[in-house]
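J.: Basically our numbering = 1-based index in the sequence shown + 7. Take a look at this one; I'll ask things after.
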Amino acid sequence: MKNIILSIFIIFGSSSLYASEMNELLDQNYKIIKTEIIKFDQDAQKIFTLQNGKNIFICSVQIEDMSGLIGSECIKP
Numbered sequence: 008m009k010n011i012i013l014s015i016f017i018i019f020g021s022s023s024l025y026a027s028e029m030n031e032l033l034d035q036n037y038k039i040i041k042t043e044i045i046k047f048d049q050d051a052q053k054i055f056t057l058q059n060g061k062n063i064f065i066c067s068v069q070i071e072d073m074s075g076l077i078g079s080e081c082i083k084p
């Protein structure tokens with residue numbers, strides 16, 4: 008139970024740091040049109056598809072079981 012609570016605090020505390028590129032895209036009026044989660048043994052990937060007109064970016068956020076958010080990146084396909 009303590010690990011779950013600690014993980015939640017870590018996720019909320021570090022989410023703005025790792026999602027800054029995605030936040031910049033959202034500030035530029037990109038909209039999230041699709042989300043997916045891919046689960047592995049110890050971690051997961053949350054994938055966001057953002058669109059603004061004909062422009063599309065795909066952002067992924069890596070989430071680890073014990074340490075919370077590890078990193079993120081956005082690419083234009």
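Cβ atoms here follow ideal geometry from the backbone N, Cα and C, with glycine treated the same way.
1) Tell me which residues share the same chain as I54 and place their Cβ nearer than 6 Å to its Cβ, disregarding the 5 neighbours each side in the sequence.
2) Contact defined as beta carbons within less than 8 Å: I believe I40 pairs with Q58. What is the distance between those atoms, to the nearest angstrom?
3) Considering only C-alpha positions, which residue in the set Q49, F64 and Y37 is nearest to I70?
4) Classify M73 as buried or exposed, calling it buried when 16 or more other Cβ atoms lie within 10 Å of its own Cβ.
5) Assuming contact is defined by CB atoms lying nearer than 8 Å, are I45 and T56 in contact in what I supplied?
T.: Per the coordinate set shown:
1) Within the sequence shown, numbered from 1, the residue matching residue 54 stands at position 47. Result list for I54: E43 and S67, in chain order.
2) Taking the sequence shown and counting its residues from 1, the one referred to as residue 40 is at position 33. Taking the sequence shown and counting its residues from 1, the one referred to as residue 58 is at position 51. Contact flag correct, Cβ pair sits at about 5 Å.
3) Residue mapping note: residue 70 aligns to position 63 of the sequence shown, counting from 1. The residue with the shortest Cα to Cα distance from I70 is Q49.
4) By one-based count along the sequence shown, residue 73 stands at place 66. M73 should be labelled exposed.
5) Here residue 45 refers to the residue found at position 38 when the sequence shown is read from its first residue. Here residue 56 refers to the residue found at position 49 when the sequence shown is read from its first residue. No, the Cβ-Cβ distance between I45 and T56 is not below 8 Å.
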